[in-house]
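Trainee:
Chains as they are written, first to last, in this note's numbering: chain X, 233 to 548; chain A, 233 to 548.
Okay, here's the thing in structure tokens:
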């Protein structure tokens, strides 16, 4: 059966919002590294190029970790070298340690992301270090990166809950954020790594964050593991967050919830904000074409609800 | 890999909310009638009984429509007759016309639902009548049902947008709601039939509804077609809606979006509200067991994000 489904937004008038939101596309790194699908250097370059074509201006294109840890991210140097540069587009790469930093600098990276967990157990399991030890490593990496003229972004993991520790004291999250800012991170991305955040919590937490940080310094990194990512994005937006990380098609996820949704889909964020009259600068059609290519050519299973909806319309 | 994922809600303290929400389970009718899976009378009775066991107090158990239209709903009389009665539990049945009403009354139904669309095109295609003609039919059905001592519930379809007409003038929706109230419907369920609603719209629309109706008279019936059902539920709740329709496992949907999500999952509503400290009276574990039974025994494909998350935890 066919119905001329139209995507203009009906009903009560929406108050247009001045100013848009900034989306940071993490699919080529956080997405790919948690999927079984393996992309060649050439395909990774194609993916990032198409994401730029869709209007994304901040894209995390890979990481400089050991290929023994994360084989999907091997050859990030080649990806970075082959990517076309465009004015106003930032290609971010993740660096876990001093070794990764030197590799990133040798590859010509100029936008680096560092990370630390707000859960001792998660940090210990992920990095085999205490939070304080990791923070020392991050400080050294950031100092050297700043000297090399790089821009820095900091991730804090598990800020809305940890699978092992449960609740994380939010004072600790704020202290970590301030430590990352002090060592030169221009933006801190507050990560709901396993999708345990919920709307009243995210609203209250991000309101606190924005008492301590400028709006440009704050990003919200959501996962849709339990289906609450968009309610959390909405609450973050309501209290003033204006930067959101997303992954095309909702690619990525959490090794402890195979089959559940992963990172919040970039198209889900674009769609949500578009219904609210909030500009993202991203073309939903072009973004959907990237997701289709990942699914149909490369065999990814993408769980973004909006992507699945768009697919459902193709056959009708 | 296994992680002791814990479901207590971490982070910033949530303000406990006095008073809960009332959930109306529509899976055995709105869910089943839009799925390929066919349940026998015995299995439909089992399904409703298990939903009662899970704590649901309002359950739509079937409809009295022609089995040529909707074969899944044939033998609703037998379902109703075989269902165990429990104090405080209401078994609702849908009646589309005078013939259906007589069948329902003959089967001993005491809680009846009637419906009309707020889109002329949708009403015409669905019922082959103008909205005014349908409203006349509904008036006659309601008059007779009230004489027979029945309680009545009214559905209005496509209130946040129609696939053919796009935006629906919300004044028309309010007039239809008042007409249904005037003929004796104790509650009006405002339906986002094809999941076109979005959060700012739902917030503004339901705030208007609650200027015209008592809170007990209002329900929100959401579909997750484009992934916005929970953001819409949250906005509805924020402006005062306290009754929500849901379908176990997210069963059901829309014939124009095969493969997309359908009705909002009852478990997604229960989970969302539980994170906010809002009581629903429904046991998530028992509800999930019904969804697993529908999927594993009966071959339904259930898209409720929370159900999929719970499934992902079984193998870990």
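For every residue, glycine included, the Cβ atom is placed at its ideal position computed from N, Cα and C.
Taking a contact to mean a Cβ-Cβ separation below 7 angstroms, would you say residue 344/X touches residue 315/X in this structure?
Mentor: No, the Cβ-Cβ distance between residue 344/X and residue 315/X is not below 7 angstroms.
Trainee: Which residues mark the beginning and the end of the beta strand (DSSP E) in which residue 423/X is found?
Mentor: 417 to 423
Trainee: Return no unless some Cβ of chain X is closer than 7 angstroms to the Cβ of residue 430/A.
Mentor: By the rule that beta-carbons nearer than 7 angstroms mark a contact, residue 430/A touches chain X.
Trainee: Could you check how far apart the C-beta atoms of residue 394/A and residue 342/A are, in whole angstroms? I think they sit under 8 angstroms.
Mentor: With a Cβ gap of about 32 angstroms, residue 394/A and residue 342/A do not count as contacting.
Trainee: Relative to the alpha-carbon of residue 470/A, which residue among 444/A, 288/A and 439/A has its alpha-carbon at the smallest distance?
Mentor: 439/A
Trainee: Do residue 493/A and residue 535/A have their CB atoms nearer than 7 angstroms?
Mentor: One thing to note: residue 493/A has its Cβ within 7 angstroms of the Cβ of residue 535/A.
Trainee: State yes or no: is the C-beta of residue 282/X within less than 7 angstroms of the C-beta of residue 522/X?
Mentor: yes
Trainee: Can you give me the C-alpha to C-alpha distance between residue 362/A and residue 348/A, rounded to a whole angstrom?
Mentor: 10 angstroms
Trainee: In terms of residue numbering, what span does the alpha helix (DSSP H) encompassing residue 253/A cover?
Mentor: Careful: residue 253/A lies outside any alpha helix (DSSP H) and carries neither H nor E.
Trainee: Report the option in 474/A, 286/A, 339/A and 499/A whose CA atom is closest to the CA atom of residue 382/A.
Mentor: 339/A
Trainee: Which residues bound the beta strand (DSSP E) around residue 427/X?
Mentor: Taken as a continuous stretch (DSSP letters only), residue 427/X belongs to no beta strand (DSSP E), as it is neither H nor E.
Trainee: Mark residue 533/X as exposed unless 16 or more other C-beta atoms lie within 10 angstroms of its C-beta, in which case mark it buried.
Mentor: Exposed: under 16 other Cβ atoms inside 10 Å.
Trainee: Hey, quick one: how far does the beta strand (DSSP E) through residue 291/X stretch, first residue to last?
Mentor: 290 to 295 is the span of the beta strand (DSSP E), which, as asked, contains residue 291/X.
Trainee: In chain A, what lies closer than 7 angstroms to residue 544/X by C-beta?
Mentor: Within 7 angstroms Cβ-Cβ: 489, 490, 491 and 492.
Trainee: Helix, strand or coil: which one does DSSP assign to residue 326/A?
Mentor: strand
Trainee: Closest to residue 319/A by CA distance: which of 289/A, 374/A and 458/A is it?
Mentor: Considering only 289/A, 374/A and 458/A, the residue with the shortest C-alpha distance to residue 319/A is 289/A.
Trainee: According to the neighbour-count rule (16 or more other Cβ atoms, all chains shown, within 10 Å of its Cβ), is residue 529/A buried or exposed?
Mentor: exposed
Trainee: Mind listing which residues of the stretch 496 to 514 of chain A have their C-beta closer than 7 angstroms to chain X's C-betas, in chain order?
Mentor: Listed by position along the chain: 500, 503, 504, 507 and 508.
Trainee: Going by DSSP, what residue range makes up the beta strand (DSSP E) through residue 437/A?
Mentor: First-last for residue 437/A: 431 to 444, but that is the alpha helix (DSSP H), not the beta strand (DSSP E).
Trainee: Just list the alpha helix (DSSP H) runs in the stretch 449 to 534 of chain A, keeping only unbroken ones of 4 residues or longer that don't cross its boundaries, in chain order.
Mentor: 461 to 470, 498 to 507 and 516 to 528
Trainee: Going by other Cβ atoms of all chains shown within 10 Å of its Cβ, with 16 needed for buried, is residue 447/A buried or exposed?
Mentor: exposed
Trainee: Helix, strand or coil, according to DSSP, for residue 367/A in the structure here?
Mentor: helix
Trainee: By the three-class DSSP mapping on this structure, what secondary structure does residue 376/A have?
Mentor: helix
Trainee: Any Cβ of chain X within less than 7 angstroms of the Cβ of residue 387/A?
Mentor: no
Trainee: Rounding to the nearest angstrom, what Cα-Cα distance links residue 416/X and residue 537/X in this structure?
Mentor: Approximately 36 angstroms, taken between the alpha carbons.
Trainee: Applying the criterion that 16 or more other CB atoms from any shown protein chain within 10 Å of the CB defines a buried residue, is residue 456/X buried or exposed?
Mentor: It counts as buried.
Trainee: Whose CA, out of 305/A, 429/A and 377/A, lies closest to the CA of residue 274/A?
Mentor: Considering only alpha carbons, the answer is 305/A.
Trainee: Can you list, in chain order, the residues of its chain whose CB lies under 7 angstroms from that of residue 467/X, leaving out five sequence neighbours each side?
Mentor: 431, 434 and 435
Trainee: Closest Cβ-Cβ distance between residue 390/X and chain A: below 7 angstroms?
Mentor: No, no contact with chain A.
Trainee: Under 8 angstroms, CB to CB, which of the residues in the stretch 448 to 461 of chain X have a partner in chain D?
Mentor: This model lacks chain D altogether; the protein chains it does include are X and A.
Trainee: I'd like to know whether the C-beta of residue 519/X is nearer than 7 angstroms to at least one C-beta of chain A.
Mentor: no
Trainee: Closest to residue 525/X by C-alpha separation, out of 541/X, 271/X and 255/X, would be which residue?
Mentor: 271/X
Trainee: Would you report the Cα separation of residue 236/X and residue 459/A, rounded to the nearest angstrom?
Mentor: Only weak support is given to the placement of residue 236/X: the predicted model assigns it a pLDDT of 36, under 50, and the value that follows is read from those uncertain coordinates. One C-alpha to the other measures close to 19 angstroms.
Trainee: Taking all protein chains shown into account, decide if residue 401/A is buried (16 or more other Cβ within 10 angstroms of its Cβ) or exposed.
Mentor: exposed
Trainee: Taking only three categories from DSSP, how would you classify residue 345/X?
Mentor: strand
Trainee: Quick one, are the C-beta atoms of residue 476/X and residue 264/X less than 7 angstroms apart?
Mentor: no
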